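**Q**
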Amino acid sequence: MRRVLVVLTGGTIAGAMRDGKDTAPDAGASERLERLLKAFFDERGLRVATAIPWGIPGLDSSDLNPQHWIRLTRIIIEEVQKRDLQGIIVLHGTDTMAFTAAWLSLVLEGIPLPVVLTGSQLTLDYTPEDVQVNLRGAAQVVCAGYPGVWIYFNWKLIPGKRAHKARAIHPDAFTTVNGLPVFFSPEWGR
């Protein structure tokens, strides 16, 4: 049985609302993310392996630095060498997701399987939330087997080396630098 590695680094996707206006890291949200992804991949005959390099619920992405990128790279390379891997999803905060994606695009150039970064602008307990749309889209990219490093966000698949965070609050946070998203399909989230 093939595996999907899910790396939880932190960010809003692993958070919950506090006092009705602020978000904070939340262990319960992290566990719910794991359950959602496990259910999705179970239906497709794939096992989920989880890596949590900085503990639950992870770090705010603005606290990540090149040392964290190196650790993340090592985790990915170790898992790819096991040969039963279908792909990797990195759950990441949006503040520095484009930087992490650019780094991974450089060090993993030519990787034969998908490495998809995703996150959210809103938490799972907020309505409307963007977590499940982004999770499903990232999962579909992994199932489709598109090799390389990508960001999947708000119905868009963006090459990791061309992503730019253009909006701080809006769910359509990322744009493609010098190009268009590679694929856009509202059908993926249904």
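Residue numbering for the sequence shown follows the working numbering, starting at 143 and increasing by one per position.
Each residue gets a CB set at the ideal place from its N, CA and C atoms; glycine is no exception.
These numbers were taken from a predicted model, which means no experiment stands behind them.
1) Do the stretch 267-286 and the stretch 234-245 make contact, defined as three or more Cβ pairs closer than 8 Å?
2) So for ARG309, helix, strand or coil by DSSP?
3) Is there a Cβ from chain C that is less than 7 Å from the Cβ of PRO167?
4) Between the alpha carbons of ILE218 and TRP211, how many angstroms are there, rounded?
5) Do the CB positions of ASP168 and ALA181 come within less than 7 Å of each other?
6) Roughly how many whole angstroms lie between the Cα atoms of PRO256 and PRO301?
7) Using 8 Å as the Cβ pair cut-off and three pairs as the minimum, do the stretch 286-296 and the stretch 174-191 touch?
8) Give me the residue from GLU173, GLN223, VAL190 and ARG160 with the minimum Cα distance to VAL284.
9) Among VAL324, HIS312 and ILE253, which residue has its Cα nearest to the Cα of GLY279?
10) Which full runs of the alpha helix (DSSP H) of 4+ residues lie inside the stretch 156-223, going along the chain?
11) Look up THR154 in the DSSP assignment and say whether it is helix, strand or coil.
12) I need the DSSP call for VAL283, collapsed to helix, strand or coil.
13) If we count the other Cβ atoms within 10 Å of its Cβ and call it buried at 16 or more, is HIS312 buried or exposed?
14) When the distance is taken between beta carbons, is THR269 closer than 7 Å to THR165?
15) Would you kindly check if the distance between the Cβ of GLY152 and the Cβ of GLY261 is under 7 Å?
16) So LEU233 packs on ALA286, CB below 8 Å; how close in whole Å?
**A** So, from the listed chains and residues:
1) no
2) coil
3) The chain labelled as chain C is not found in the depicted structure, where only one protein chain is given.
4) 11 Å
5) no
6) 11 Å
7) no
8) VAL190
9) VAL324
10) 169-184 and 208-222
11) helix
12) helix
13) exposed
14) no
15) no
16) Contact flag wrong, Cβ pair sits at about 19 Å.
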